[in-house]
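In our numbering, the protein residues as written are 3 to 537.
Every residue gets a Cβ at the ideal spot worked out from N, C-alpha and C, and that includes glycine.
Beneath this line is the structure, given in structure tokens, with notes to follow.
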Amino acid sequence: MARGLENVSRREFLGLAGTVAAGAILAACAPGPSAPQPGGQQTTQATPKKGGVLKVAIIGEPPALDPGFTTATITQNTMWHVFEPLLTRDSKFAPIPHLAEKYEVNSDGTKFTFYLRKGVLFHNEKELTAEDAVASLKRWAQVSGRGRTIFARVDTIQENDRYTFTITFKQPTGLLPEFLAEVEAMMLPKEVAEKVGKDRLPDELIIGTGPYKMVEHVVDRYIRLQRFEKYAAREEPPNGYGGKRVAYFDEIRFIPVPEDSVRADGVGTGEYHFAESLQPDQYPNLQGNPNVVPLIVKPYYQYGPHFNKKQGMFTDVRLRRAVLLAVDLEQIMTAGFGRKEFFRLGPEIAAPETAYYTDVGKEVYNKPDPEKAKQLMREAGYSGQPIRWMSTKEYFYNYNMALSFKDQLEKVGFKVDLQVMDWATLVRRRSDPNEYDVFITGHPTYVHPIRQVYLDGTWPGWWTNPKKDEIVSKMMAETDLEKQKQLVRELQQLQWEDVPWIKCGESFTLRAIRKEIVNYQNPTDWFFWNCGFGA
3 MARGLENVSR
13 REFLGLAGTV
23 AAGAILAACA
33 PGPSAPQPGG
43 QQTTQATPKK
53 GGVLKVAIIG
63 EPPALDPGFT
73 TATITQNTMW
83 HVFEPLLTRD
93 SKFAPIPHLA
103 EKYEVNSDGT
113 KFTFYLRKGV
123 LFHNEKELTA
133 EDAVASLKRW
143 AQVSGRGRTI
153 FARVDTIQEN
163 DRYTFTITFK
173 QPTGLLPEFL
183 AEVEAMMLPK
193 EVAEKVGKDR
203 LPDELIIGTG
213 PYKMVEHVVD
223 RYIRLQRFEK
233 YAAREEPPNG
243 YGGKRVAYFD
253 EIRFIPVPED
263 SVRADGVGTG
273 EYHFAESLQP
283 DQYPNLQGNP
293 NVVPLIVKPY
303 YQYGPHFNKK
313 QGMFTDVRLR
323 RAVLLAVDLE
333 QIMTAGFGRK
343 EFFRLGPEIA
353 APETAYYTDV
363 GKEVYNKPDP
373 EKAKQLMREA
383 GYSGQPIRWM
393 STKEYFYNYN
403 MALSFKDQLE
413 KVGFKVDLQV
423 MDWATLVRRR
433 SDPNEYDVFI
443 TGHPTYVHPI
453 RQVYLDGTWP
463 GWWTNPKKDE
473 IVSKMMAETD
483 LEKQKQLVRE
493 LQQLQWEDVP
503 WIKCGESFTL
513 RAIRKEIVNY
523 QNPTDWFFWN
533 CGFGA
């Protein structure tokens with residue numbers, strides 16, 4: 003799955019100047035805490051003991067261990083134990099300071115000054131300073147679509163002293179904190195950021211500031227993290243992804259387990275302590291195991307196919323619209339997620355729980371018309387060439403949704419070449435327009451819409467549209483909530499007209515954790531600081 007523009011984020015945007023205006027937007031944008039939903043639970047709330055090895059069953063080998071290099075959620079969730087950004091998110095998903103002690107912004111949103119916390123150490127025991135922050139952000143601008151989006155607006159970025167630096171923009175950029183609250187904008191030692199540049203971080207240069215440091219990586223077997231004893235935690239109480247982070251486990255081992263049934267069974271037997279992305283049909287068995295807590299997260303992600311719009315048949319919008327008209331999206335979501343308690347339908351790009359929800363596009367969403375689809379296929383000159391559709395079984399819904407698409411599309415005359423591969427391979431191949439026509443992925447529904455990765459025209463699928471770019475540019479600068487909401491309506495309308503991808507529906511994810519793990523809060527995106535084995 004993907005996280006926001008090849009890398010973008012959101013909000014809390016005025017510091018000491020203009021706090022009232024910013025606060026109004028940011029509070030209104032927030033969907034509410036990612037607390038357990040009906041059917042899911044938290045683990046026992048108690049102070050954990052220090053020690054032990056946590057074994058986490060993940061869906062497969064991450065495509066990279068460099069969060070700046072990929073938007074894959076599996077990379078973020080494993081590696082934000084190691085890497086940290088200047089800002090992070092509170093329980094309502096609003097940006098808050100993390101490695102930054104605070105930040106200030108001028109009245110028109112063109113100048114941000116960041117004050118770093120003192121005494122923060124990298125895993126090589128070098129202190130984080132302004133020169134590291136500036137070098138890290140410059141590297142982010144090279145490797146990340148969202149970083150490029152931000153730096154296209156930057157006039158200057160400069161160190162003021164050892165612990166402060168300033169970013170000055172050519173135009174108002176009020177949503178900068180949305181971008182800096184993502185782990186892709188992580189802090190690296192200056193010498194590492196400059197040495198690696200546009201390249202992916204090799205394992206030996208994975209040096210962060212997080213509560214855990216990486217000590218071993220055996221591809222397809224495990225990623226082994228170890229507590230960083232000199233970690234500099236914040237003093238505030240835990241708040242969402244922010245506040246104080248305590249590493250209770252001696253080690254965390256992330257173990258690729260591609261079969262979701264094996265992940266679920268492993269938690270049941272105690273082979274693993276936590277498993278992600280489980281099929282909803284496994285919920286009754288998990289609920290019946292006295293040693294396991296099933297966890298449901300809602301809202302979560304929207305899923306659907308992205309078209310290669312850079313080359314090939316789907317550069318023609320008529321064929322993209324034909325695919326939309328050829329399929330029943332409820333059938334596809336049922337194929338992908340089974341139980342109706344685990345998904346919902348709708349045209350929205352932001353969940354109903356958020357301030358940005360709108361049903362614009364409902365007149366075309368899930369309105370199958372096979373005859374109209376066939377007409378558009380004829381008009382576009384489609385002559386039976388196979389759709390190269392990349393899929394993976396590591397995310398069970400990805401493959402099941404692809405099968406349903408294949409079945410329905412072939413009924414109207416499309417030919418689908420379903421190519422199944424591991425997720426890491428799919429993520430690598432989707433960046434090459436010669437390799438495919440379609441792939442399925444997911445995007446968060448609980449975030450500011452500007453964070454969606456596909457808004458970046460360089461992200462796989464390559465949605466380049468002048469009107470889209472104009473809307474995004476206005477979003478970046480706008481500070482009025484109602485005007486922001488209107489821009490979201492315009493963006494959502496354009497998405498259903500241009501069909502860069504098809505939002506099939508939104509799912510709620512199922513996970514499982516052993517009861518001996520205490521103080522786990524069931525966050526939307528999982529993490530394992532502040533939890534541990536019970537005393």
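Query                                                                                                                                                                           : Result
By alpha-carbon positions, which one of Ile452, Val248, Leu489 and Thr447 ends up nearest to Ile351?                                                                            : Thr447
Apply the 10 Å Cβ neighbour rule to Lys505 and answer buried if 16 or more other Cβ atoms are within range, or exposed otherwise.                                               : buried
State the start and end residues of the unbroken beta strand (DSSP E) segment that holds Pro388.                                                                                : Pro388 to Ser393
By the three-class DSSP mapping on this structure, what secondary structure does Asp262 have?                                                                                   : helix
What residues in its chain sit with their C-beta under 6 Å from that of Thr170, if we drop five residues either side in the sequence?                                           : Lys113, Asp157 and Thr158
Could you tell me the distance, in whole angstroms, from the CA atom of Ala195 to the CA atom of Leu123?                                                                        : 16 Å
Between Ala266, Phe529, Ile452 and Cys533, which has its C-alpha nearest Pro179's C-alpha?                                                                                      : Ile452
Based on DSSP bridge pairs, tell me the residues matched to Gly507.                                                                                                             : Tyr305
Is the beta carbon of Phe510 closer than 8 Å to that of Phe398?                                                                                                                 : no
Three Cβ pairs or more, each shorter than 8 Å: is that satisfied between the region 352-367 and the region 487-507?                                                             : yes
If you compare alpha carbons, which of Lys300, Phe316, Val299 and Glu278 is closest to Pro307?                                                                                  : Phe316
Val145 to Pro286, Cα distance in whole Å?                                                                                                                                       : 43 Å
Would you verify that the beta carbon of Thr427 is, or is not, closer than 8 Å to some beta carbon of chain B?                                                                  : In the structure shown, chain B does not exist; there is a single protein chain.
Given this structure, state the Cα-to-Cα distance separating Lys517 from His100, to the nearest angstrom.                                                                       : 30 Å
Kindly indicate which residue of Leu489, Asn79, Leu89 and Glu186 has the alpha-carbon position closest to the one of Asp471.                                                    : Leu489
What is the DSSP secondary structure of Glu253, counted as helix, strand or coil?                                                                                               : strand
Less than 8 Å between the C-beta atoms of Leu139 and Ala74, yes or no?                                                                                                          : no
Which of helix, strand or coil does DSSP assign to Gly459?                                                                                                                      : coil
Can you tell me which of the three DSSP states Val325 falls into?                                                                                                               : helix
Alpha carbon to alpha carbon, how far is Thr72 from Arg430?                                                                                                                     : 9 Å
Under DSSP, the alpha helix (DSSP H) around Thr75 begins and ends at which residues?                                                                                            : Thr75 to Met81
Can you tell me whether Ala48 is helix, strand or coil according to DSSP?                                                                                                       : coil
Within the same chain, show all residues whose beta-carbon is closer than 7 Å to that of Asp222, passing over the 5 residues directly before and after it, in chain order.      : Glu63 and Pro258
Tell me whether the region 406-413 and the region 473-493 touch, counting them as touching only if at least three CB pairs, one residue from each stretch, are closer than 8 Å. : no
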